[in-house]
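Note sheet for the following structure.
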Amino acid sequence: MTNYMKVSTKPGVWDTVIECDFCEGTGTVSGEVAVVDFMNGGYLKSAICDCTDCDGRGYRYLTEDEEEQFYAMPSVQ
Ligand SMILES: [Zn+2]
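In the numbering used here, the protein residues as written are 32 to 108.
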């Protein structure tokens with residue numbers, strides 16, 4: 032299921048966007064970062080990172096196909 036959202040990037044201007052599936056709209060994901068440790072050979076540490084799918088915004092813009100589908104929905108006409 033696609034979650035459409037409205038975001039305002041400029042005052043009074045609303046864009047229709049889709050909630051990012053990858054981070055569920057939070058903009059962050061928990062990942063692992065490599066920590067260099069010369070004594071023990073290094074290890075992985077969990078860390079919160081910006082979502083790479085949406086660049087940490089939590090949403091992404093519609094593709095052309097999705098835009099067509101969105102405007103074809105009776106609820107927005
Ligand atoms: Zn995301």
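Beta carbons are placed, not taken as given, at the ideal position from N, Cα and C, and that holds for glycine.
Enclosing alpha helix (DSSP H) for residue i [first to last residue]
i, result
"aspartate 84", "Here aspartate 84 belongs to no alpha helix (DSSP H), and DSSP marks it neither H nor E."
"glutamate 99", "95-103"
Inter-residue spacing [alpha-carbon to alpha-carbon] between residue i and residue j
i, j, result
"valine 65", "glycine 87", "Here the sequence assigns alanine to residue 65, which means valine is not the residue at that position. Cα-Cα distance, rounded: 20 Å."
"serine 106", "tyrosine 35", "12 Å"
"aspartate 68", "serine 77", "15 Å"
"asparagine 71", "valine 44", "53 Å"
"glutamate 99", "threonine 33", "14 Å"
"leucine 75", "glutamate 55", "24 Å"
"tyrosine 102", "glutamate 63", "39 Å"
"proline 57", "glycine 73", "Here the sequence assigns threonine to residue 57, which means proline is not the residue at that position. Their Cα atoms are separated by approximately 30 Å."
"proline 42", "isoleucine 79", "30 Å"
Beta strand (DSSP E) segment containing residue i, residue limits
i, result
"aspartate 46", "44-50"
"threonine 59", "59-66"
"threonine 40", "35-41"
Does the count of Cβ pairs from the segment 84-101 and the segment 45-65 closer than 8 Å reach three?
yes
Got a list of residues with beta-carbon closer than 5 Å to any non-hydrogen atom of ligand 1, in chain order?
Output, sorted by chain position: Cys51, Phe53, Cys54, Cys82, Asp84, Cys85.
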